[in-house]
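Visitor:
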Amino acid sequence: MENNVTRQLRKEKIGTVTSNKMNKSIVVSVERKVKHPKYGKYMKQTSTFMAHDEKNECNIGDTVRIMETRPLSKSKCWRMVEILERAK
Numbered sequence: 003m004e005n006n007v008t009r010q011l012r013k014e015k016i017g018t019v020t021s022n023k024m025n026k027s028i029v030v031s032v033e034r035k036v037k038h039p040k041y042g043k044y045m046k047q048t049s050t051f052m053a054h055d056e057k058n059e060c061n062i063g064d065t066v067r068i069m070e071t072r073p074l075s076k077s078k079c080w081r082m083v084e085i086l087e088r089a090k
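As structure tokens, then:
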């Protein structure tokens with residue numbers, strides 16, 4: 003029971019794969035809309051995350067869901083959960 007409670011608290015994000023050149027690693031870009039503090043216009047803001055891809059199954063342009071996990075390396079603390087949409 004205790005393990006399920008902590009699993010639900012992990013953050014999940016949906017983004018696009020921008021690089022898969024590394025072995026078992028991908029770079030995922032997550033886009034969000036942020037309101038400008040002064041002018042009120044909504045702007046796109048992009049964050050990039052390194053994620054673990056155990057089976058090397060992601061390609062550039064795929065839409066994926068990533069989940070927060072323990073640090074796997076210096077820059078990787080996310081893992082790819084599923085591929086939502088393949089690149090066309």
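With my numbering applied, the sequence shown covers 3 to 90. Glycine residues also receive a C-beta, built at the ideal position from the N, C-alpha and C atoms. This one's a predicted model, so the numbers in the text were calculated from it and none came from an experiment.
(1) Do Val29 and Met52 have their C-beta atoms closer together than 7 Å?
(2) Measure the CB-CB distance between Thr71 and Thr18 and report whether it falls below 7 Å.
(3) Could you check the C-alpha separation between Met69 and Leu11 for me, to the nearest Å?
(4) Which residues mark the beginning and the end of the beta strand (DSSP E) in which Tyr21 is found?
(5) Within this structure, are the beta carbons of Ala89 and Asn61 separated by less than 7 Å?
Guide: A quick look at the data gives this:
(1) yes
(2) no
(3) 10 Å
(4) Inspection of the sequence shows that residue 21 is occupied by Ser rather than by Tyr. Looking at the DSSP string, the run of the beta strand (DSSP E) that includes Ser21 is 14-21.
(5) yes
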